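Going by this note's numbering, the sequence shown opens with residue 1188, and the numbers climb by one from there. We put the beta carbon where it would ideally sit given N, CA and C, even for glycine. None of these values were measured; they are calculated from a predicted model. Beneath this line is the structure, given in structure tokens, with notes to follow.
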Amino acid sequence: MVDRAPPVIAETLIKMGWREYDPNTDSPDSWHLFWKSTRPTLGEFSRTLAHQKLAHFPKTSLLLTKDNLARTIKKNQSIFGVVYDFIPQTFNLPNEYNKFV
1188 MVDRAPPVIA
1198 ETLIKMGWRE
1208 YDPNTDSPDS
1218 WHLFWKSTRP
1228 TLGEFSRTLA
1238 HQKLAHFPKT
1248 SLLLTKDNLA
1258 RTIKKNQSIF
1268 GVVYDFIPQT
1278 FNLPNEYNKF
1288 V
């Protein structure tokens, strides 16, 4: 099932031989990948079967959005120091605009 997936995702899946779920012809549990632009609800997570995958995972927003990832990395840089030296300097705009300029 695709809910506004980026075109490159849909094109890649089709090139790999996948096809989009059709509720008119496919059984309700026959889909394999559920791409949703927002996080699925807990109910959607709990109803998935073993062969079904969702594009998001619960409790991962601290890593999966750029602003939260930047905050998490900065926090870890202050705690662990040189372990995070490979991360380029990052700014959360507009909150850190003055630091950025």
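Quick one: measure Cβ to Cβ for residue i and residue j, integer angstroms, because I've assumed they're closer than 8 Å.
i, j, result
"isoleucine 1260", "threonine 1235", "Going by Cβ atoms, the distance from isoleucine 1260 to threonine 1235 rounds to 30 Å, so no, they are not a contact pair."
Between the Cα of residue i and those of the options, spot the shortest distance and give me the residue it belongs to.
i, options, result
"leucine 1241", "Leu1250, Leu1229 and Thr1252", "Leu1229"
"tyrosine 1208", "Phe1221, Ala1192 and Leu1251", "Phe1221"
"alanine 1192", "Asp1254, Leu1251, Lys1223 and Thr1212", "Lys1223"
"glutamate 1283", "Thr1212, Glu1231, Trp1205 and Asp1254", "Asp1254"
Which one or two residues does DSSP pair with residue i in a beta bridge?
i, result
"leucine 1241", "Phe1221"
Using C-beta distances below 6 Å, list every residue in its chain close to residue i, excluding the 5 sequence neighbours before and after it, in chain order.
i, result
"asparagine 1263", "Tyr1271"
"methionine 1188", "With a pLDDT of only 46 at methionine 1188, under 50, the local geometry of the prediction cannot be trusted, and no value is derived from it."
Enumerate in chain order the residues of its own chain whose CB-to-CB distance from residue i is below 8 Å, with the five nearest sequence positions on each side excluded.
i, result
"histidine 1238", "His1219"
"serine 1214", "none"
"aspartate 1216", "Leu1236 and Gln1239"
Who are the Cβ neighbours of residue i in its own chain at under 7 Å, not counting the five residues just before and after it?
i, result
"lysine 1314", "The requested residue 1314 does not occur in the structure, where the chain is confined to residues 1188 to 1288."
"leucine 1280", "Phe1287"
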